[in-house]
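Participant: One structure coming up, written as structure tokens, with questions to follow.
Numbering (this note's numbering), first residue to last: 422 to 910.
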């Protein structure tokens, strides 16, 4: 069942979790041959570190009471708490520390494929949701989790994943690209990180003969900077959930209810975004008694934030604007369907190329004056992405017979055949009036105007007081970190 989540503000958090728990299965053995014993489940998720779990009951030492002595109070030792899974990261030597990838120029064809995949996932999730609900996905989190998984696949399974995610079949190029996303840079002049990425791999150690492939661990350490844990995973539900909570700044408290004994590996990605507006809202720019009108005509009270922006978006069925966060590395892109176009019809025509064209052909500059209004909003969203990924072309990875995810674990010297049983994605967003008041510090010009004569001022109005689409963009690559809808507040 799909579940929605969203909340808008200058602070945004989201955790996308690919949760794959599946029983591995090898090809049927030839007559007389011995069937490999490689069976197991794998979980892939994006979340934070779980709380510690008590492994022992408190010990109570009985104290004897001599007849001639005063009664001595029982002495109780403090209970000892230990995490079921132990971190193994320190023992894994990555093949490289990523230095060779720093400064590497992003491939335009790869970015185009990732952008298409991002919009396609968003569209399929919206199509499956209740039209009256708000939807929010983090394409970046989904891609990072799938990227780690792809490094454990081969054959047709790997081919399907690469073609669907990137439109190409180059795992090395994907890894180079995702190194950029797994290590976001801090914008100039900004004190704290606005986007934090965390990855982890959890390996079941209940079977002595089962062990991970070193090449896989080296890759997820080198490219994704993943933490690696080993333990009896069926006992690690609390620890996994605590990891998720920690790495989403407590905004997503739980990603799994329980972990089956069949699960052999869990891969998790967590994305946390928290940024102030480039220009803060003053008190007189906030209307606490504003109105947001849903598609069915229902009016809702909403705090409306008014501002003047200098980037105007438009095409045949869209008006919108871009509002920058402090440092200009990330920006809020608002897309308002024209009057008479439903949100559903608008999203059905949305493509990666359309997002790029709106951004590239936007009217920008000091002579562009956009009177903009945004409602404050907050919500959560959660869904399984299995059907979505199948609809987009990834099928082999979910098949317990034909899946070729064989490069993560081995049993003795034989590859363990794993398949993905679920991909769970959870997000949270809060959009508010909060923002930096030091506008001059981040007053960076994005485009140089060479006209000798002053440009005529152009005025536009975009009020987000009815259903709209939005994205949090990485302005350097143009890829969405988050994409969502606001159908109601």
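C-beta: ideal position from N, C-alpha, C; glycine also.
Ignoring anything shorter than 3 residues, give me the beta strand (DSSP E) runs that lie fully in the stretch 719 to 788, in order along the chain.
Facilitator: Taking only runs of at least 3 residues, the beta strand (DSSP E) segments lying wholly in the stretch 719 to 788 are 720 to 730, 732 to 736, 739 to 745 and 751 to 758.
Participant: Can you say whether residue 648 is buried or exposed, counting buried as having 16 or more other CB atoms within 10 angstroms of its CB?
Facilitator: The sequence position of residue 648 within the chain shown is 227, counting from 1. Counting Cβ neighbours within 10 Å, residue 648 comes out buried, since at least 16 surround it.
Participant: Cutting at 6 Å between CB atoms, please list the residues of its own chain near residue 620, excluding the five before and the five after it.
Facilitator: Your numbering for residue 620 matches position 199 in the chain shown. Hits under 6 Å: 645, 647 and 690.
Participant: Are the beta-carbon atoms belonging to residue 595 and residue 585 less than 8 Å from one another?
Facilitator: Mapped onto the chain shown, residue 595 falls at position 174. Mapped onto the chain shown, residue 585 falls at position 164. No, Cβ-Cβ distance for residue 595 and residue 585 is not below 8 Å.
Participant: If you drop the 5 nearest sequence neighbours on each side, which residues of the same chain put their C-beta closer than 7 Å to that of residue 904?
Facilitator: The residue given as residue 904 occupies position 483 in the chain shown. Within the same chain, residue 904 has close Cβ partners 539, 543, 558, 560 and 892.
Participant: What's the C-alpha gap between residue 679 and residue 792?
Facilitator: Numbered from 1 along the chain shown, position 258 holds the residue referred to as residue 679. Numbered from 1 along the chain shown, position 371 holds the residue referred to as residue 792. Answer to the nearest angstrom: the Cα atoms are 49 Å apart.
Participant: Since residue 556 and residue 802 are thought to touch, with beta carbons under 8 Å apart, how far apart are those beta carbons, to the nearest angstrom?
Facilitator: The count along the chain shown starts at 1 and reaches residue 556 at position 135. The count along the chain shown starts at 1 and reaches residue 802 at position 381. So it is a contact: roughly 6 Å between Cβ atoms.
Participant: Would DSSP call residue 578 helix, strand or coil?
Facilitator: One-based indexing of the chain shown puts residue 578 at position 157. It is helical.
Participant: Report the rounded CA-to-CA distance for residue 662 versus residue 551, giving the unit in angstroms.
Facilitator: One-based indexing of the chain shown puts residue 662 at position 241. One-based indexing of the chain shown puts residue 551 at position 130. Roughly 27 Å between the two C-alpha positions.
Participant: Can you name the start and end residues of the alpha helix (DSSP H) that residue 854 belongs to?
Facilitator: Counting from one through the chain shown, the residue named residue 854 turns up at place 433. Neither: residue 854 is in no alpha helix (DSSP H) and is coded neither H nor E.
Participant: Once DSSP output is grouped into helix, strand and coil, what is the label at residue 651?
Facilitator: Numbered from its first residue, the chain shown carries residue 651 at position 230. Looking at residue 651 - three-state DSSP - the assignment turns out to be strand.
Participant: Looking only at C-alpha atoms, which of 718, 600 and 829 sits nearest to residue 886?
Facilitator: As a first step, residue 886 must be located in the chain shown, where it is residue number 465. When each option's Cα is compared against that of residue 886, the closest is 718.
Participant: In this structure, how does DSSP classify residue 836 when only helix, strand and coil are distinguished?
Facilitator: Stepping through the chain shown from its first residue, residue 836 is reached at position 415. Strand.
Participant: Kindly indicate which three-state DSSP category residue 821 falls into: helix, strand or coil?
Facilitator: For the purposes of this step, residue 821 is identified with residue 400 of the chain shown, where counting begins at 1. The answer is coil: DSSP assigns residue 821 none of H, G, I, E or B.
Participant: Going by alpha carbons, who is nearest to residue 708 out of 740, 570, 731 and 794?
Facilitator: For this step, residue 708 is matched to residue 287 along the chain shown. The candidate whose alpha carbon is nearest that of residue 708 is 794.
Participant: Just to check my reading of the structure: residue 798 and residue 824 have Cβ atoms closer than 8 Å, yes? What is that Cβ distance to the nearest angstrom?
Facilitator: Walking along the chain shown from the start, residue 798 turns up at place 377. Walking along the chain shown from the start, residue 824 turns up at place 403. Wrong, their Cβ atoms sit about 39 Å apart, outside the cutoff.
Participant: Beta carbon of residue 749, beta carbon of residue 786: below 8 Å?
Facilitator: Walking along the chain shown from the start, residue 749 turns up at place 328. Walking along the chain shown from the start, residue 786 turns up at place 365. In this structure, the beta-carbon distance from residue 749 to residue 786 does not fall below 8 Å.
Participant: Residue 640 to residue 572, Cα distance in whole Å?
Facilitator: What you label residue 640 is simply residue 219 of the chain shown in a count that begins at 1. What you label residue 572 is simply residue 151 of the chain shown in a count that begins at 1. Distance between the alpha carbons of residue 640 and residue 572: 8 Å.
Participant: Give the single residue among 910, 907 and 901 whose Cα lies nearest to the Cα of residue 694.
Facilitator: Your numbering for residue 694 matches position 273 in the chain shown. Minimum Cα distance to residue 694 is reached at 901.
Participant: Mind checking residue 537: buried by the 16 CB within 10 Å criterion, or exposed?
Facilitator: In the chain shown, residue 537 corresponds to position 116, counting from 1. Buried: at least 16 other Cβ atoms inside 10 Å.
Participant: Taking just the CA atoms, how far does residue 779 sit from residue 879?
Facilitator: Within the chain shown, numbered from 1, the residue matching residue 879 stands at position 458. Within the chain shown, numbered from 1, the residue matching residue 779 stands at position 358. Cα to Cα, the separation comes out at about 18 Å.
Participant: Any contact between the stretch 664 to 674 and the stretch 839 to 853? By contact I mean 3 or more CB pairs, one from each, below 8 Å.
Facilitator: yes
Participant: Give the secondary structure of residue 414 by DSSP, where H, G and I count as helix, E and B as strand, and everything else as coil.
Facilitator: Residue 414 lies beyond the stretch modelled for the chain, which goes from 422 to 910, so this question has no answer here.
Participant: Between which residues of its own chain and residue 782 is the CB-CB distance below 6 Å, once the five residues before and five after are set aside?
Facilitator: As a first step, residue 782 is located in the chain shown; it is residue number 361 there, counting from the start. There are no such residues.
Participant: Taking its Cβ as the centre, do 16 or more other Cβ atoms sit within 10 Å of residue 843, making it buried, or is it exposed?
Facilitator: Locating residue 843 in the chain shown gives position 422, counting from the first residue. With 16 or more other Cβ atoms within 10 Å, it is buried.
Participant: Taking its Cβ as the centre, do 16 or more other Cβ atoms sit within 10 Å of residue 576, making it buried, or is it exposed?
Facilitator: Within the chain shown, the letter at position 155 stands for residue 576. Residue 576 comes out exposed.
Participant: So, using beta-carbon positions, are residue 699 and residue 712 closer together than 8 Å?
Facilitator: The sequence position of residue 699 within the chain shown is 278, counting from 1. The sequence position of residue 712 within the chain shown is 291, counting from 1. Going by C-beta atoms, residue 699 is not nearer than 8 Å to residue 712.
Participant: What did DSSP end up calling residue 849 once you bin it into helix, strand or coil?
Facilitator: Here residue 849 corresponds to residue number 428 of the chain shown, with the count starting at 1. Three-state result, residue 849: strand.
Participant: Quick check on this structure: which residue in 814, 602 and 607 has the alpha carbon closest to the alpha carbon of residue 578?
Facilitator: Position 157 of the chain shown, counted from the start, is the residue given in the question as residue 578. Nearest option by C-alpha distance: 814.
Participant: Given a threshold of 16 other Cβ atoms within 10 Å of its Cβ, counted over all protein chains shown, does residue 597 qualify as buried or as exposed?
Facilitator: For this step, residue 597 is matched to residue 176 along the chain shown. Classification for residue 597: buried.
Participant: Taking a contact to mean a Cβ-Cβ separation below 8 Å, would you say residue 505 touches residue 656 in this structure?
Facilitator: As a position in the chain shown, residue 505 is number 84, starting the count at 1. As a position in the chain shown, residue 656 is number 235, starting the count at 1. Against a cut-off of 8 Å, the Cβ pair of residue 656 and residue 505 comes out as a contact.
Participant: Return helix, strand or coil for residue 613, following the three-state DSSP convention.
Facilitator: Your numbering for residue 613 matches position 192 in the chain shown. DSSP places residue 613 in coil when its eight states are reduced to three.
Participant: Do residue 692 and residue 654 come within 8 Å of each other at the CB atom, strictly closer than that value?
Facilitator: For the purposes of this step, residue 654 is taken as the residue at position 233 of the chain shown. For the purposes of this step, residue 692 is taken as the residue at position 271 of the chain shown. It is not a contact, given that the beta carbons lie outside the stated cut-off.
Participant: Quick check: residue 836 and residue 725, are their CB atoms within less than 8 Å of each other?
Facilitator: Taking the chain shown and counting its residues from 1, one reaches residue 836 at position 415. Taking the chain shown and counting its residues from 1, one reaches residue 725 at position 304. Against a cut-off of 8 Å, the Cβ pair of residue 725 and residue 836 comes out as no contact.
Participant: Run the CB neighbour count on residue 606, radius 10 Å, all protein chains shown included, and call it buried at 16 or more, exposed below.
Facilitator: On the chain shown, position 185 is the one that residue 606 refers to. Exposed: under 16 other Cβ atoms inside 10 Å.
Participant: Please name the residue in 610, 564 and 888 whose C-alpha comes closest to that of residue 761.
Facilitator: Position 340 of the chain shown, counted from the first residue, corresponds to residue 761. Closest option to residue 761, Cα to Cα, is 888.
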